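Peer 1: Before anything else, here's the structure in question.
Pasting the structure below:
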């Protein structure tokens, strides 16, 4: 008798964090993502660790065995120098593209420091593929605070109706709603000169609507421009 599975999935590919000298694989985003799945319902959490490019491919192949109505890949790893963990950013996105169509993967969230430092790579990494959106940080990102932002994005985008992927504006609006509880001026991390970087300047969004003629484009400014639309008007409280 075949086992039942949920209609949606968050595929977590995680590299060991080693946040301190005693972190023997203690730190993980998994409990946070499991909480998101319980909140949204009808969502599987599929998790595997990776250590290098070959293990990343093996992990992705392991998780991408089923076709879901909607699936998102969440990469959770240290980042820097154009790499996620020890793997080049474009190689990570290329690996996900291999399995995107068969598993109906619609988006990629790269929860890594400096994963969005060169947003052009995010555009190139999803251009012409099944992937409709990608997000990451242009600076370092505090582990807990960044994970909470990531959870909000995952919770919002896993529930996006299929028809919305044909509209750049609808994806922008959903992403803006996801980050609306967070202050855009909050210093989410630092740049390479150890200067604080706000969430607005760090978090990068790229979307690629479904359909011919659409190309991947950085929409970060559009997303944060809508941030105020989801806030209360202080004058109404006076």
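In our numbering, the protein residues as written are 3 to 240.
Note that the Cβ used here is the ideal one computed from N, Cα and C, for glycine as well.
All values derive from a computational prediction rather than experimental measurement.
#1: Tell me which same chain residues have a C-beta within less than 6 Å of the C-beta of residue 249, skipping the five on either side of it?
#2: Whole-angstrom Cβ separation of residue 144 and residue 206, contact assumed at under 8 Å?
#3: Whole angstroms are fine: how far does the CA of residue 23 sit from the CA of residue 227?
#4: By DSSP, does residue 42 sit in helix, in strand, or in coil?
#5: So residue 109 and residue 74 are in contact, right, with Cβ under 8 Å, and what is the actual spacing, rounded?
#6: Report yes if the CB atom of residue 72 is closer than 8 Å to the CB atom of residue 10, and no otherwise.
#7: Output the distance between the C-alpha atoms of residue 203 and residue 191, rounded to the nearest integer angstrom.
#8: Tell whether a beta-carbon distance below 8 Å holds between residue 118 and residue 148.
#9: Where residue 169 and residue 89 are concerned, what is the direct C-alpha to C-alpha distance, given to the nearest angstrom?
#10: Under 8 Å, do residue 220 and residue 125 count as touching if we go by C-beta distance?
#11: Tell me whether residue 76 is buried or exposed, calling it buried when 16 or more other Cβ atoms sit within 10 Å of its Cβ.
#12: Could you pull out every residue in the same chain whose Cβ sits closer than 8 Å to the Cβ of residue 31, ignoring the five residues on either side in sequence?
#13: Assuming contact is defined by CB atoms lying nearer than 8 Å, are residue 66 and residue 51 in contact in what I supplied?
#14: Ignoring anything shorter than 3 residues, give me the beta strand (DSSP E) runs that lie fully in the segment 134 to 163, in order along the chain.
#15: Assuming residue 199 and residue 121 form a contact by the criterion Cβ under 8 Å, report the distance between their Cβ atoms to the nearest whole angstrom.
#16: Based on DSSP bridge pairs, tell me the residues matched to residue 220.
#17: Grouping DSSP H, G and I as helix and E and B as strand, with all else coil, what is residue 36?
#18: Rounded to the nearest angstrom, what separates residue 161 and residue 106 at their Cα positions?
#19: Based on the DSSP secondary-structure assignment, which residues constitute the bridge partners of residue 200?
#20: Reducing DSSP to helix, strand and coil, say where residue 237 ends up.
Peer 2: Inspection of the coordinates gives the following:
#1: With the chain covering only 3 through 240, there is no way to say anything about residue 249.
#2: Taking the chain shown and counting its residues from 1, one reaches residue 144 at position 142. Taking the chain shown and counting its residues from 1, one reaches residue 206 at position 204. That belief does not hold up - the Cβ atoms of residue 144 and residue 206 are roughly 17 Å apart, past 8 Å.
#3: Residue mapping note: residue 227 aligns to position 225 of the chain shown, counting from 1. Residue mapping note: residue 23 aligns to position 21 of the chain shown, counting from 1. For residue 227 and residue 23, the distance between alpha carbons rounds to 41 Å.
#4: Working through the chain shown from its first residue, we reach residue 42 at position 40. Residue 42: helix per DSSP, three-state reduction.
#5: Stepping through the chain shown from its first residue, residue 109 is reached at position 107. Stepping through the chain shown from its first residue, residue 74 is reached at position 72. Yes, they are in contact, since the Cβ atoms of residue 109 and residue 74 sit about 5 Å apart, within 8 Å.
#6: As a position in the chain shown, residue 72 is number 70, starting the count at 1. As a position in the chain shown, residue 10 is number 8, starting the count at 1. Contact flag set, yes.
#7: Taking the chain shown and counting its residues from 1, the one referred to as residue 203 is at position 201. Taking the chain shown and counting its residues from 1, the one referred to as residue 191 is at position 189. Distance between the alpha carbons of residue 203 and residue 191: 10 Å.
#8: In the chain shown, residue 118 corresponds to position 116, counting from 1. In the chain shown, residue 148 corresponds to position 146, counting from 1. Cβ distance not < 8 Å, so residue 118 and residue 148 don't count as in contact.
#9: For the purposes of this step, residue 169 is identified with residue 167 of the chain shown, where counting begins at 1. For the purposes of this step, residue 89 is identified with residue 87 of the chain shown, where counting begins at 1. About 32 Å.
#10: In the chain shown, residue 220 corresponds to position 218, counting from 1. In the chain shown, residue 125 corresponds to position 123, counting from 1. Yes.
#11: Looking up residue 76 in the chain shown gives position 74. Looking at its Cβ environment, which holds 16 or more other Cβ atoms inside 10 Å, residue 76 is buried.
#12: Position 29 of the chain shown, counted from the first residue, corresponds to residue 31. The residues are 14, 16, 76, 78, 113, 149, 152.
#13: For the purposes of this step, residue 66 is identified with residue 64 of the chain shown, where counting begins at 1. For the purposes of this step, residue 51 is identified with residue 49 of the chain shown, where counting begins at 1. Contact: no.
#14: 135 to 139
#15: Position 197 of the chain shown holds residue 199. Position 119 of the chain shown holds residue 121. No, residue 199 and residue 121 are not in contact; Cβ-Cβ is about 14 Å, not under 8 Å.
#16: Locating residue 220 in the chain shown gives position 218, counting from the first residue. Beta-bridge pairing links residue 220 to 208.
#17: By 1-based counting over the chain shown, the position of residue 36 is 34. Reduced to three states, the DSSP call for residue 36 is helix.
#18: Here residue 161 corresponds to residue number 159 of the chain shown, with the count starting at 1. Here residue 106 corresponds to residue number 104 of the chain shown, with the count starting at 1. Cα to Cα, the separation comes out at about 14 Å.
#19: For the purposes of this step, residue 200 is taken as residue 198 along the chain shown, with counting starting at 1. Beta-bridge pairing links residue 200 to 189.
#20: In the chain shown, the residue the question calls residue 237 occupies position 235. Low per-residue confidence applies at residue 237: pLDDT is 49, beneath 50, and the placement is therefore not dependable enough to give any value.
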